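Student: Here's a structure for you.
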DNA sequence: CTAGAATTCAAACGATCGTTCCATGCAGTA
DNA sequence: TACTGCATGGAACGATCGTTTGAATTCTAG
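Residue numbers (my numbering), protein chains in the order written: chain A, 1 to 206; chain B, 207 to 412.
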């Protein structure tokens, strides 16, 4: 399935991402992963140490760039003389949406992300918190600035719903068929508009 | 953990629900389930035939009554001279929200439900479709009536986001602490209002 | 009370899990 | 050419998986 001219590590990561998306972290075995990647079984423990560490690296590979893109987009949005809620949401949604429509595996990763949400795995949450909590913090601050009428507890509560909804929606993006005669870029823009409009309306409501 | 004066089947279902919520369907073994239920390992295959059938029965036990309550609430809402979007959403959300705040295991089941959403398991989806598609149909018809300005494709698209968002939100309800000095019933009502307001705003937006 | 059905039990089945070991292949260096 | 390092190979480790078996036990109807 995977071309042999990529490195062993990369092919393992690609196969792991795809199989974790389809069968979950516990449901996909290292034998399935290495068979799909066409590498030896022992290669996983040689290159990654353990299955759990492989899971972490699957996340790190995508989240490093994804969160950089998000922070860059947020910084751009904050430079606007008067930025609004939609600008903050756009900075959060659009990079992930682009990833979810990526052809070389990114779509699978967003489904892995949705699984991680549902898992509530303690070690996985610790890993994500240790590595990416600064991103969440900056966005919470920006949301608080754009939604001054919400107290902190109410804001957290609504952001929790929004992030869950967005993750779920983006994970299903591969399933939803786009209208005939519409390019993929158009479809992505339309989807982003819907998501942002939807989330903004919910956040502002009340 | 489980009182021994309940039937073997019921104790297995209780333990399975709790462990599936915490570790997933593949992650929770039948040995963990039967140990927690304090029954013999073979009891699962004796009473349920297989692990997969046990999973189905975990869903059936809660969804039978949950969907009955939803349909009853929807029928009541439709009797109103002019029902609105919020009434339909209320009929959908409130029974599930009550379950998610139930003390005897219902809270765990909603997390199981969120997992099923993320799983995209084919056999599980078939089971849910075979048993409860008529409920979804009635709600879609009611939503279409309350949102006449949305075409069918747009409605499906938004309902997909809404149901995913609501499931995620309700699954996390156990985590969110209620304000001090507020009764649980008050907290549930407040949460229902927030969810409905949030979902309604998103559905009506644009 | 007893025969027969229903249930529980300990034990084991083969399969598969993550992990480990050690030999082998293959660079680049002295 | 011999040595050294990393990388890969096949094979096996002990543990655990879902499932099955057959005997022991409990329940129930006549």
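Yeah, the Cβ is synthetic: ideal placement off N, Cα and C, and Gly gets one too. Note that the structure is a prediction, hence the values are computed from the model and not measured.
1. Would you please verify whether the beta carbon of residue 17 of chain A is less than 8 Å from any beta carbon of chain B?
2. For a contact defined as C-beta to C-beta under 9 Å, what are the partners of residue 108 of chain A on chain B?
3. Alpha carbon to alpha carbon, how far is residue 161 of chain B from residue 369 of chain B?
4. Note down the Cα distance separating residue 232 of chain B from residue 145 of chain A, rounded to an integer number of angstroms.
5. Using C-beta distances below 6 Å, list every residue in its chain close to residue 214 of chain B, excluding the 5 sequence neighbours before and after it, in chain order.
6. Figure out for me which residue from A/68, A/69, A/67 and A/32 has the closest Cα to the Cα of residue 51 of chain A.
7. Quick one: list the residues of chain B neighbouring residue 55 of chain A, beta-carbon separation under 9 Å, in chain order.
8. Would you list, in chain order, the members of the segment 148-163 of chain A that have their beta-carbon closer than 9 Å to a beta-carbon of chain B?
9. Here's the rule: buried if 16 or more other CB atoms are within 10 angstroms of the residue's CB, otherwise exposed. What is residue 99 of chain A?
10. Determine whether the Cβ of residue 403 of chain B lies closer than 8 Å to any Cβ atom of chain A.
11. Check residue 33 of chain A in the structure and name its three-state DSSP category.
12. Assuming residue 377 of chain B and residue 319 of chain B are in contact, meaning their beta carbons sit under 8 Å apart, how far apart are those beta carbons, in whole angstroms?
13. With residue 310 of chain B as the anchor, note down where its alpha helix (DSSP H) starts and where it stops.
14. Which word fits residue 388 of chain B, buried or exposed, when buried means at least 16 other C-beta atoms lie within 10 angstroms of its C-beta?
15. Using a Cβ-Cβ distance under 8 Å, would residue 243 of chain B count as near chain A?
16. If we define contact as Cβ-Cβ less than 8 Å, is residue 24 of chain A a contact residue for chain B?
17. Of all the residues that make up the segment 98-129 of chain A, which are near chain B by a beta-carbon distance shorter than 8 Å?
18. Excluding the 5 residues preceding and the 5 following residue 254 of chain B in the sequence, name in chain order all residues of the same chain whose CB lies nearer than 7 Å to its CB.
19. Counting C-beta neighbours from all protein chains within 10 Å, is the total for residue 501 of chain B 16 or more, i.e. buried, or is it exposed?
20. Could you check the C-alpha separation between residue 340 of chain B and residue 67 of chain A for me, to the nearest Å?
21. Quick check on residue 17 of chain A: buried or exposed, where buried means 16 or more other Cβ atoms within 10 Å of its Cβ?
22. How about the segment 114-126 of chain A and the segment 357-365 of chain B: do they share at least three Cβ pairs that are nearer than 8 Å?
23. Residues of chain A with a CB under 8 Å from the CB of residue 378 of chain B: which are they?
24. With a threshold of 8 Å between beta-carbons, can residue 168 of chain A be considered close to chain B, or not?
25. Which one of B/286, B/298, B/315 and B/212 has the shortest CA to CA distance from residue 399 of chain B?
26. Under the rule that 16 or more other beta-carbon atoms within 10 Å means buried, what is residue 46 of chain A, buried or exposed?
27. Applying the criterion that 16 or more other CB atoms from any shown protein chain within 10 Å of the CB defines a buried residue, is residue 373 of chain B buried or exposed?
28. Here's the rule I'm using: 16 or more other beta-carbon atoms within 10 Å means buried, otherwise exposed. How should residue 6 of chain A be labelled?
29. If you follow the alpha helix (DSSP H) that residue 343 of chain B is part of, which residue opens it and which one closes it?
30. Consider the Cβ of residue 408 of chain B: report whether some Cβ of chain A lies at a distance smaller than 8 Å.
31. Look at the alpha carbon of residue 225 of chain B and the alpha carbon of residue 126 of chain A, and state the distance between them as a whole number of angstroms.
32. Residue 247 of chain B to residue 159 of chain A, Cα distance in whole Å?
33. Excluding five sequence neighbours on each side, which residues of the same chain lie with their C-beta closer than 7 Å to the C-beta of residue 132 of chain A?
34. At the 8 Å Cβ level, is residue 387 of chain B part of the contact set with chain A, yes or no?
35. Can you name the residues of chain A whose CB is closer than 7 Å to the CB of residue 233 of chain B?
36. By Cβ distance, which residues of its chain are closer than 7 Å to residue 116 of chain A, with the 5 residues on each side in sequence left out?
Tutor: Here's the rundown:
1. Position 17 of the first chain, counted from the first residue, corresponds to residue 17 of chain A. False, the Cβ-Cβ gap to chain B never drops below 8 Å.
2. Stepping through the first chain from its first residue, residue 108 of chain A is reached at position 108. Chain B residues near residue 108 of chain A: none, gap ~12 Å exceeds 9 Å.
3. Residue 161 of chain B lies beyond the stretch modelled for chain B, which goes from 207 to 412, so this question has no answer here.
4. Sequence index remark: in the second chain, residue 232 of chain B carries index 26 (1-based). Sequence index remark: in the first chain, residue 145 of chain A carries index 145 (1-based). Those two C-alpha atoms are separated by around 42 Å.
5. Position 8 of the second chain, counted from the first residue, corresponds to residue 214 of chain B. The answer, listed in chain order, is 245 and 249.
6. If you number the first chain from 1, residue 51 of chain A lands on position 51. Taking only the C-alpha atoms, the option nearest residue 51 of chain A is A/32.
7. Along the first chain, one-based indexing puts residue 55 of chain A at 55. Neighbours of residue 55 of chain A on chain B: none; closest Cβ ~13 Å, over 9 Å.
8. 153, 154, 156, 157, 158, 160, 161, 162 and 163
9. As a working mapping, residue 99 of chain A is identified with position 99 in the first chain. Under this definition residue 99 of chain A is a buried residue.
10. Residue numbering aside, residue 403 of chain B sits at position 197 when the second chain is read from its first letter. Yes, contact with chain A.
11. On the first chain, residue 33 of chain A is found 33 positions in, with the first residue counted as 1. Looking at residue 33 of chain A - three-state DSSP - the assignment turns out to be helix.
12. By 1-based counting over the second chain, the position of residue 377 of chain B is 171. By 1-based counting over the second chain, the position of residue 319 of chain B is 113. Residue 377 of chain B to residue 319 of chain B, Cβ: 7 Å. Contact.
13. Here residue 310 of chain B corresponds to residue number 104 of the second chain, with the count starting at 1. Where residue 310 of chain B is concerned, there is no enclosing alpha helix (DSSP H), given that its DSSP letter is neither H nor E.
14. Start at 1 with the first residue of the second chain, and residue 388 of chain B comes out as number 182. Residue 388 of chain B should be labelled exposed.
15. Taking the first residue of the second chain as 1, we reach residue 243 of chain B at position 37. Not an interface residue.
16. The residue labelled residue 24 of chain A in the question sits at position 24 within the first chain. So yes, residue 24 of chain A belongs to the interface.
17. 111, 114, 115, 117, 118, 119 and 120
18. Along the second chain, one-based indexing puts residue 254 of chain B at 48. Closer than 7 Å at Cβ, skipping near neighbours: 260 and 263.
19. Here chain B has residues from 207 to 412 only, and residue 501 of chain B is not among them.
20. The residue labelled residue 340 of chain B in the question sits at position 134 within the second chain. The residue labelled residue 67 of chain A in the question sits at position 67 within the first chain. When rounded, the distance between both Cα atoms is 41 Å.
21. To locate residue 17 of chain A, count along the first chain from 1; it is residue 17. Answer is buried; the Cβ neighbour count reaches 16.
22. no
23. Counting from 1 along the second chain, the entry for residue 378 of chain B is found at position 172. Within 8 Å Cβ-Cβ: 160 and 164.
24. In the first chain, counting from the first residue as 1, residue 168 of chain A sits at position 168. True, the Cβ-Cβ gap to chain B drops below 8 Å.
25. Here residue 399 of chain B refers to the residue found at position 193 when the second chain is read from its first residue. It is B/298.
26. By one-based count along the first chain, residue 46 of chain A stands at place 46. The residue in question, residue 46 of chain A, is exposed, as its Cβ has fewer than 16 Cβ neighbours within 10 Å.
27. Start at 1 with the first residue of the second chain, and residue 373 of chain B comes out as number 167. When all chains shown are included, residue 373 of chain B counts as buried.
28. The residue you call residue 6 of chain A lines up with position 6 of the first chain. Counting Cβ neighbours within 10 Å, residue 6 of chain A comes out exposed, since fewer than 16 surround it.
29. Position 137 of the second chain holds residue 343 of chain B. Per DSSP, residue 343 of chain B belongs to the alpha helix (DSSP H) from 328-352.
30. Taking the second chain and counting its residues from 1, the one referred to as residue 408 of chain B is at position 202. At least one chain A Cβ lies under 8 Å of residue 408 of chain B.
31. The count along the second chain starts at 1 and reaches residue 225 of chain B at position 19. The count along the first chain starts at 1 and reaches residue 126 of chain A at position 126. Taking the straight line joining both Cα atoms gives about 21 Å.
32. Along the second chain, one-based indexing puts residue 247 of chain B at 41. Along the first chain, one-based indexing puts residue 159 of chain A at 159. If I take the Cα positions, the gap works out to 43 Å.
33. The residue you call residue 132 of chain A lines up with position 132 of the first chain. So the list reads 63 and 67, once near-sequence residues are dropped.
34. Taking the second chain and counting its residues from 1, one reaches residue 387 of chain B at position 181. No - not a single Cβ of chain A is within 8 Å of the one on residue 387 of chain B.
35. On the second chain, residue 233 of chain B is found 27 positions in, with the first residue counted as 1. Residues of chain A passing the Cβ test: 26.
36. Here residue 116 of chain A refers to the residue found at position 116 when the first chain is read from its first residue. Excluding sequence neighbours, residue 116 of chain A sits near 124.
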